[in-house]
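The listed protein sequences derive, respectively, from chains A and B. Using this note's numbering, read the first sequence as starting at 1 and increasing by one per residue. Using this note's numbering, read the second sequence as starting at 1001 and increasing by one per residue. Where is the CB? At the ideal position from N, CA and C, for every residue including glycine. Working notes for the structure below.
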Amino acid sequence: MTVLFGQLFTGISIGAVLLLIALGLALTFGQMNVINMAHGEFIMAGAYTTYVLQQTVTAAGWSLLVALPVAFAVAGTMGVLLEVLLIRRLYARPLDTLLVTWGVSLMLQQLARDVFGSPNVQTRAPALLTGNVSLPGGLTVANNRLFILALALAAVLALTLALRLTPLGRRIRAVVQNRDLAAVSGIPTARVDRTTFFIGSGLAGVAGVALTLLGPIGPTMGTNLIIDAFLVVVVGGIGQLKGSVIVAFALGVLQATGEYLTTLSVAKVIVFVAIVAFLQWRPQGLFTLRTRSLA
Amino acid sequence: MSQFRGRRILAGAMTLIAAAALAGCGSKTSDEKSTAGVSADVSGDTVKVGLLNSLSGTMAISEVTVRDSIMLAVEEINAGGGVLGKKIVPVGEDGGSDWPTFAEKAEKLISQDRVAAVFGCWTSASRKAVKPVFEKNKALLFYPVQYEGLEQSPYIFYTGATTNQQIVPGLDYLKAQGKKSVYLVGSDYVFPRTANKIIKAYAAANGMTVLGEDYAPLGSTEFGTIVNKVRSSKADAVFNTLNGDSNVAFFKEYTSAGLTAASMPVVSVSIAEEEVKGIGTQYLKDQLTAWNYYQTTPGAANQKFVAAYKAKYGADKPTSDPMEAAYVAVHLWKSMVEKAGTFEVEKVRTASGGITYDAPEGLVTVDGPTQHIAKTARIGKVGGDGLITEVWNSGKPITPDPYLKSYPWASGLS
């Protein structure tokens, strides 16, 4: 029983990580339909930001807190630069966007290698996050996992509220639902795109900060994450946040259960097979955006 | 625009990426002439040697230090007049933590650069990838890392420990400490899988129980489930054959789960001083390691090695077992060449048996038939300062036995 709950929590925490890395993508890919292969490198940028801050702000706890907004800004700015310099020119050519952003991702990886060196680096976790919480029945829950779970949920909540309640959120949703109609209604779609990209990329940076608590930081960490992130968004359904949230946790629990019953590699296979089967059944993903557009 | 359009393109792209990854994994078809045997270029007053290590990717945390250590040995030898009067010119290549790349670069070093010997490789997967290249070209590789044994290539010298010099003594130590059950955790490639086969055979013959074994892909950083399984198994000890910086994620998770060296000690065979620094001492304190050398190993030869290394690379750089084995490899090669009086590979091999070297780890002897070296096994404990101190040693150098022929329980292994 203890093991079962332990596994459930492990699954949820894997789901939280998936959610964090996919959330930004749910905006840029899910809402804007931009295939940004450099999204993983924005995560990496967030992780390296944490590392750099820890060299200057030496107290691990403070540097982590400071890193959250700074990484958001750093990755967000990188996203805006990418949008303004390249993606904006390619909105009608998705295949070119894909190739260009892939190229950018390779360049960013090399840049990280040149600046920080090829070997992976580590950050120190604040003492508060290295321990665990003991629950009755011998169950323990790691603090860093709780932190990531809280962070993921907070990010989802903030994003949902922003999309629903703020004028900016309304404009983003308007552009997503019908770009032309939004434009003739006086919404500056180019500026909305840029803001959306800033937020989406910034969230990748926040995910990067969280990942430093779990493992090493390296130039190629982004490539390992990007496929998982795309899977979550595709299965969750384009244009909807709640799909990504549900799918992230479902995949996390499926992965953890599969891994417990079999091995890590087999669990990955199970997850992929489940995804393929699901997409055969519902090719549009878990949720779809209902609009009156004919496309 | 259709909502599915972007997705269909994405699917295509993902397929491309997957295909590229698969192509990378496939065996490299080579069209080189067979059995030609490229001889080393020693026409000038220099001789080239190849350095083949991962300077990028998941293994770089470990392999960069090996490269540094080889460079130190090369410099020392050059300062002393070189080998057979020729200065050594090192030619470095990056294996990139990718096994087919190792094979390509090995081919390049042998055929294009025409080096007299190559020093490097860390993971057994990379060694297995380059082995046919060296055998085909009849060129020499010095492999400086402990490994899973059960191999004996005529063109490889193994200067790290084989299983009876590291894993078996590690198990003997656990047994002597009264540990009755172990849990096996390793990276998913040839070394951990073979090592665990050996460990299971040992356990069966020595009244120990193996409560479970789990593998994570190299570079994996998700250890929640594995640590959960380890924890609920209530094993007496964990035998850890993880490689590279998966260890960082594993020990972070292990500590977060409330497991400590006191409650469930971990014996690691791929964590040396450099990795301790990378993982963080707070996660590793008092955990055990099995090696043949530590920075703290006593002796004048080691003092000289440590001082020279720190003078070259910085006082905060620790020395470790694979670094020492790589350093020893270069010096052993020099002795072999000088005894043979030539750089010719076959003559160097014939001359190798019985060559000794007063290494930092103590006296080592090349075992001619197996091309491994006799070395002392040492079990160590990680201290708060990040250094490892010895808690047990085998007393004398152990003769290498890569196929474990002298152990009856190992008769079923191949």
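Hey, does residue 118 (chain A) have any beta-carbon neighbour from chain B nearer than 8 angstroms? Yes, its Cβ sits closer than 8 angstroms to a Cβ of chain B.
Are three or more beta carbon pairs between the region 1315-1328 of chain B and the region 1187-1203 of chain B nearer than 8 angstroms? Fewer than three Cβ pairs drawn from the region 1315-1328 of chain B and the region 1187-1203 of chain B lie within less than 8 angstroms of each other, which leaves the two stretches out of contact.
For residue 1074 (chain B), the three-state DSSP class (helix, strand or coil): In this structure, residue 1074 (chain B) counts as helix in the three-state DSSP scheme.
Buried or exposed by the 16-neighbour rule on C-beta atoms within 10 Å, applied to residue 281 (chain A): An exposed status is given to residue 281 (chain A), since fewer than 16 other beta-carbon atoms sit within 10 Å of its beta-carbon.
Given 8 angstroms, three or more beta-carbon pairs between the region 1214-1224 of chain B and the region 86-98 of chain A: No, they do not touch.
So if DSSP puts residue 1142 (chain B) in a beta bridge, which residue, or which two residues, is it bridged to? BP columns for residue 1142 (chain B) point to B:1119 and B:1157.
List the residues of chain B whose Cβ lies closer than 8 angstroms to the Cβ of residue 265 (chain A), in chain order. Taking a Cβ-Cβ cut-off of 8 angstroms, the neighbours of residue 265 (chain A) in chain B comprise 1188, 1215 and 1217, given in sequence order.
Span separating the alpha-carbon of residue 249 (chain A) from that of residue 11 (chain A): Cα to Cα, residue 249 (chain A) sits roughly 7 angstroms from residue 11 (chain A).
Along chain B, in chain order, which residues have C-beta atoms closer than 9 angstroms to that of residue 3 (chain A)? Chain B residues near residue 3 (chain A): 1228, 1229, 1231 and 1232.
Bridge partners - residue 1307 (chain B), DSSP secondary structure assignment: According to DSSP, which records beta bridges pairwise, residue 1307 (chain B) is partnered with nothing at all.
Under the rule that 16 or more other beta-carbon atoms within 10 Å means buried, what is residue 220 (chain A), buried or exposed? Buried.
Can you tell me the Cβ-Cβ gap for residue 77 (chain A) and residue 212 (chain A), rounded? I've got them flagged as a contact below 8 angstroms. Not really, about 20 angstroms apart at Cβ, beyond 8 angstroms.
For residue 1239 (chain B), which residues does DSSP report across the bridge? Answer is B:1184 and B:1267, bridged to residue 1239 (chain B).
For residue 1313 (chain B), I'd like the list of residues in its chain whose CB is within less than 7 angstroms of its CB, leaving aside the five on either flank, ordered along the chain. For residue 1313 (chain B), the CB contacts under 7 angstroms within the same chain, skipping 5 residues up- and downstream, are 1068 in chain order.
Rounded separation between residue 156 (chain A) and residue 199 (chain A) - CA only: Rounded to the nearest angstrom, the two C-alpha atoms are 12 angstroms apart.
Using a beta-carbon distance below 8 angstroms, is residue 20 (chain A) in contact with chain B? Residue 20 (chain A) does not count as touching chain B.
Pull up the CB-CB distance for residue 1253 (chain B) and residue 1269 (chain B), whole angstroms please, since I reckon it's below 8 angstroms. 19 angstroms between Cβ atoms; not a contact.
Report the neighbours of residue 6 (chain A) on chain B: residues whose CB is nearer than 8 angstroms to its CB, in chain order. By Cβ distance, chain B contributes 1228, 1231 and 1232.
For residue 135 (chain A), the three-state DSSP class (helix, strand or coil): In the structure shown, residue 135 (chain A) sits in a strand (DSSP, three-state: E or B).
What are the start and end residues of the beta strand (DSSP E) that includes residue 164 (chain A)? In the DSSP annotation of this structure, residue 164 (chain A) is not part of any beta strand (DSSP E); the continuous alpha helix (DSSP H) holding it starts and ends at 143-165.
Hey, residue 1221 (chain B) and residue 1187 (chain B) are a contact pair by Cβ (cut 8 angstroms); roughly how many whole angstroms apart? In fact, because the Cβ distance is near 12 angstroms, the residues do not count as touching under 8 angstroms.
Confirm, please, whether the CB-CB distance from residue 1158 (chain B) to residue 1173 (chain B) is below 8 angstroms. Using a Cβ distance threshold of 8 angstroms, residue 1173 (chain B) and residue 1158 (chain B) do not count as a contacting pair.
Residue-level contact to chain A via CB, residue 1057 (chain B), 8 angstroms cutoff: At least one CB atom of chain A sits nearer than 8 angstroms to the CB of residue 1057 (chain B).
Where residue 99 (chain A) and residue 1136 (chain B) are concerned, what is the direct C-alpha to C-alpha distance, given to the nearest angstrom? If you draw a straight line from the Cα of residue 99 (chain A) to the Cα of residue 1136 (chain B), it comes to about 40 angstroms.
Just to confirm the assignment, what range does the alpha helix (DSSP H) spanning residue 259 (chain A) have? If you look at residue 259 (chain A), you'll find it in the alpha helix (DSSP H) that goes 241-261.
On the DSSP bridge assignment, give the partners of residue 1051 (chain B) in chain order. Bridge partners of residue 1051 (chain B): B:1092 and B:1119.
In three-state DSSP terms, what is residue 1107 (chain B)? The answer is helix: DSSP assigns residue 1107 (chain B) an H, G or I state.
Can you tell me the Cα-Cα spacing of residue 1094 (chain B) and residue 1105 (chain B), whole angstroms? So the two alpha carbons sit approximately 8 angstroms from each other.
Is it buried or exposed, residue 1229 (chain B), if we count other Cβ atoms within 10 angstroms and call 16 or more buried? It is buried - the Cβ of residue 1229 (chain B) has at least 16 other Cβ atoms within 10 Å.
In this structure, does DSSP put residue 1362 (chain B) in helix, strand or coil? Per DSSP, reduced to three states, the secondary structure at residue 1362 (chain B) is strand.
I'd like to know whether the C-beta of residue 14 (chain A) is nearer than 8 angstroms to at least one C-beta of chain B. At least one beta carbon of chain B lies nearer than 8 angstroms to the beta carbon of residue 14 (chain A).
I need the DSSP call for residue 1035 (chain B), collapsed to helix, strand or coil. Any reading at residue 1035 (chain B) must be qualified, since the residue scores a pLDDT of 42, below 50, and its modelled position is unreliable; the value itself is stated next. The three-state reading of DSSP puts residue 1035 (chain B) in coil, since its state is none of H, G, I, E or B.
Chain-ordered neighbours of residue 132 (chain A) on chain B, where CB pairs are closer than 8 angstroms: Those are 1256, 1257 and 1258, listed as they occur along chain B.
Whose C-alpha, out of A:128, A:240, A:185 and A:154, is nearest the C-alpha of residue 16 (chain A)? The residue with the shortest Cα to Cα distance from residue 16 (chain A) is A:154.
Checking contacts by CB at 8 angstroms: is residue 1069 (chain B) closer than that to chain A? No, residue 1069 (chain B) does not count as interfacial toward chain A.
Which residues share a DSSP beta bridge with residue 1312 (chain B)? The partner list for residue 1312 (chain B) (beta bridge, DSSP) is empty, contrary to what the question assumes.
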